[in-house]
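Okay, so here's the structure we're looking at.
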Amino acid sequence: MATERHEYEQVIYEVPAPKVARIVMNRPKRGNAQGITMTYDLDNAFKRACHDDDINVIILAGAGDHWSAGHDLSGEGPDLPSREQTVGLWGGSYQGKGWAGFYAREKEIYLEISERWRNAPKPTIAEIQGSVISGGMILAWTCDLIVCAEDARFRDATAAEMGIAGVEFWQHFHEMSARQAKEWLMTGDWLTAQEAQRRGMVNRVVPREELSARTLELAQTIAAKNPLTMKLVKQAVNFAQDASGRKAAQDYGFHLHQIGHMQAMLVSGFPIDIESLPPKMRANVEKVVAARRAAAAE
Ligand code: ZN
Numbered sequence: 094m095a096t097e098r099h100e101y102e103q104v105i106y107e108v109p110a111p112k113v114a115r116i117v118m119n120r121p122k123r124g125n126a127q128g129i130t131m132t133y134d135l136d137n138a139f140k141r142a143c144h145d146d147d148i149n150v151i152i153l154a155g156a157g158d159h160w161s162a163g164h165d166l167s168g169e170g171p172d173l174p175s176r177e178q179t180v181g182l183w184g185g186s187y188q189g190k191g192w193a194g195f196y197a198r199e200k201e202i203y204l205e206i207s208e209r210w211r212n213a214p215k216p217t218i219a220e221i222q223g224s225v226i227s228g229g230m231i232l233a234w235t236c237d238l239i240v241c242a243e244d245a246r247f248r249d250a251t252a253a254e255m256g257i258a259g260v261e262f263w264q265h266f267h268e269m270s271a272r273q274a275k276e277w278l279m280t281g282d283w284l285t286a287q288e289a290q291r292r293g294m295v296n297r298v299v300p301r302e303e304l305s306a307r308t309l310e311l312a313q314t315i316a317a318k319n320p321l322t323m324k325l326v327k328q329a330v331n332f333a334q335d336a337s338g339r340k341a342a343q344d345y346g347f348h349l350h351q352i353g354h355m356q357a358m359l360v361s362g363f364p365i366d367i368e369s370l371p372p373k374m375r376a377n378v379e380k381v382v383a384a385r386r387a388a389a390a391e
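Numbering (this note's numbering), first residue to last: 94 to 391.
Right, here's the structure in full:
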């Protein structure tokens, strides 16, 4: 039987209709920012839905006004996954010397886990409202379909403000045209729901008050079909994307992303380019860097 409702620390798992699981990121006061806790709550929730034979379709939603503020940079909560949480096999220590630890961490929590969700065999639908920023794009892109409210908007600020060539799960070129991807990354501008739909990144744009109902309606339509066939459709399209270079481009983008972090680290001792940050964020980061330097000098 489908589990009706299960609460993780930062994620709620519910079954709003037969054969449909709805996974809700539930950290609205932080814009559903994704730290270690939410990452593994999400992984557990996806696993629950995928392993439940009574579930055919999975919705990924976010509580509150904004779907995702991206990766949690607040320093709250654990910074590294435990060995028990870790799902990849890279091994070694997340606190390894030089770039080894940082690389292992990003590979586990941003690259491999995102690819794992993207390849979840059952159809997934993102139900999006409000802002989706940088790391939040990864969560949206891992889903097969995207339904968003008219107020949804999308931004990858990593290139414009952090000295990084795009978020870790580097799918930009496969989500829009090459020129659109370049412009979006180089300017750091917002992409509206309507423009995202025009580019083919979003399936449906609906009034905010109808978002959950319309997403569930689409989920139920798909959930009523032969579930194995739906899995095979997903696998066929995902394979076609990978055969046309998605996976290779993504892995290359991930490694250029690492060069961006390393360059910033070499120049300023912090893994993002402080000079490019908006003034308020820059002031906060400079405090963190100064505290770290003081601690290291003691
Ligand atoms: Zn990164």
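Heads up, the beta-carbon is just placed ideally off N, CA and C, and yes, glycines get one too.
Check: Can Y187 and D134 be called in contact, C-beta distance under 7 Å?
Finding: Working through the sequence shown from its first residue, we reach residue 187 at position 94. Working through the sequence shown from its first residue, we reach residue 134 at position 41. Cβ distance not < 7 Å, so Y187 and D134 don't count as in contact.
Margin query: Is E220 near the ligand ZN - that is, is its Cβ less than 6 Å away from at least one heavy atom of it?
Written below: If you number the sequence shown from 1, residue 220 lands on position 127. Checking every heavy atom of the ligand ZN against the Cβ of E220, none is found closer than 6 Å.
Check: I think T285 touches R246, with their Cβ atoms under 8 Å apart; what is that distance to the nearest whole Å?
Finding: Position 192 of the sequence shown, counted from the first residue, corresponds to residue 285. Position 153 of the sequence shown, counted from the first residue, corresponds to residue 246. Right, their Cβ atoms sit about 6 Å apart.
Item checked: Beta-carbon proximity check, F262 vs A213, cutoff 7 Å -> As a first step, residue 262 is located in the sequence shown; it is residue number 169 there, counting from the start. As a first step, residue 213 is located in the sequence shown; it is residue number 120 there, counting from the start. Against a cut-off of 7 Å, the Cβ pair of A213 and F262 comes out as no contact.
Notebook entry, point to check: Buried or exposed: E201, going by 16 or more other Cβ atoms within 10 Å of its Cβ?
Noted result: As a working mapping, residue 201 is identified with position 108 in the sequence shown. Its Cβ being crowded by 16 or more others within 10 Å, E201 is buried.
Checklist line | Selected residue, minimal CA-CA separation from G168, among A387, A390, E391, V381 | finding: Locating residue 168 in the sequence shown gives position 75, counting from the first residue. Among A387, A390, E391, V381, the Cα nearest to that of G168 is on V381.
Item checked: Between the CA atoms of N377 and K340 - distance to the nearest angstrom -> Here residue 340 refers to the residue found at position 247 when the sequence shown is read from its first residue. Here residue 377 refers to the residue found at position 284 when the sequence shown is read from its first residue. Their Cα atoms are separated by approximately 35 Å.
Notebook entry, point to check: By Cβ distance, which residues of its chain are closer than 6 Å to G229, with the 5 residues on each side in sequence left out?
Noted result: Residue 229 sits at position 136 when you count from the first residue of the sequence shown. Only S161, G163 meet the Cβ criterion.
Next item on the list: Leaving out five residues on either side along the sequence, give the residues of the same chain with a beta carbon under 7 Å from the beta carbon of E254.
Entry: Residue mapping note: residue 254 aligns to position 161 of the sequence shown, counting from 1. Correct list, in chain order: G281, S369, L370, P371.
Note to self: Assuming contact is defined by CB atoms lying nearer than 7 Å, are G414 and G256 in contact in what I supplied?
What the structure shows: The first residue shown for the chain is 94 and the last is 391, placing residue 414 beyond what the model contains.
Next item on the list: Run the CB neighbour count on R272, radius 10 Å, all protein chains shown included, and call it buried at 16 or more, exposed below.
Entry: Within the sequence shown, the letter at position 179 stands for residue 272. So R272 counts as exposed.
Note to self: My assumption, with CB atoms under 8 Å, is that I218 sits in contact with A312. Please give the rounded CB distance.
What the structure shows: For the purposes of this step, residue 218 is taken as residue 125 along the sequence shown, with counting starting at 1. For the purposes of this step, residue 312 is taken as residue 219 along the sequence shown, with counting starting at 1. Sure, about 6 Å apart at Cβ, within 8 Å.
Check: Any heavy atom of the ligand ZN closer than 6 Å to the CB of E205?
Finding: Position 112 of the sequence shown holds residue 205. No, Cβ of E205 sits at least 6 Å from all heavy atoms of the ligand ZN.
Next item on the list: Take the Cβ of S270 as the centre, count every other Cβ of all protein chains shown within 10 Å, and call the residue buried at 16 or more, exposed below.
Entry: For the purposes of this step, residue 270 is identified with residue 177 of the sequence shown, where counting begins at 1. Exposed.
Note to self: According to DSSP, S161 sits in a beta bridge with which residue or residues?
What the structure shows: Taking the sequence shown and counting its residues from 1, the one referred to as residue 161 is at position 68. V225.
Next item on the list: State the Cα-Cα distance for the pair Q328 and A142, rounded to the nearest angstrom.
Entry: Within the sequence shown, the letter at position 235 stands for residue 328. Within the sequence shown, the letter at position 49 stands for residue 142. Going from the Cα of Q328 to the Cα of A142 covers about 17 Å.
Check: In this structure, what does DSSP give as the bridge partners for I231?
Finding: On the sequence shown, position 138 is the one that residue 231 refers to. DSSP output for I231 lists no bridge partner at all.
Margin query: Suppose you measure from the CA of L204 to the CA of R307; what does that come to, to the nearest Å?
Written below: Locating residue 204 in the sequence shown gives position 111, counting from the first residue. Locating residue 307 in the sequence shown gives position 214, counting from the first residue. Spanning the two alpha carbons is a distance of roughly 30 Å.
Checklist line | Of the residues I129, I226, Y106, the one placed nearest I206, counting alpha carbons only | finding: The residue labelled residue 206 in the question sits at position 113 within the sequence shown. The shortest C-alpha separation from I206 is found at I129.
Notebook entry, point to check: Near W183, which residues of its chain fall below 7 Å by C-beta distance, leaving aside the five closest residues on each side in sequence?
Noted result: One-based indexing of the sequence shown puts residue 183 at position 90. Contacts found: A197, K200, E201.
Notebook entry, point to check: Any idea what DSSP makes of P109, helix, strand or coil?
Noted result: Within the sequence shown, the letter at position 16 stands for residue 109. Strand.
Item checked: For I152 and R115, believed in contact at Cβ under 8 Å, the rounded distance -> Residue 115 sits at position 22 when you count from the first residue of the sequence shown. Residue 152 sits at position 59 when you count from the first residue of the sequence shown. Right, their Cβ atoms sit about 4 Å apart.
Checklist line | Nearest residue (CA-CA) to M358, options P171, F195, Q103, G189 | finding: Within the sequence shown, the letter at position 265 stands for residue 358. The candidate whose alpha carbon is nearest that of M358 is F195.
Item checked: alpha helix (DSSP H) runs contained entirely in the stretch 144-224, provided each spans 4 or more residues -> 193-199, 206-211
Next item on the list: For the beta strand (DSSP E) containing Y239, list its first residue and its last residue.
Entry: Position 146 of the sequence shown holds residue 239. As written in the sequence, residue 239 is Ile, which differs from the Tyr given in the question. First-last of the beta strand (DSSP E) with I239: 238-242.
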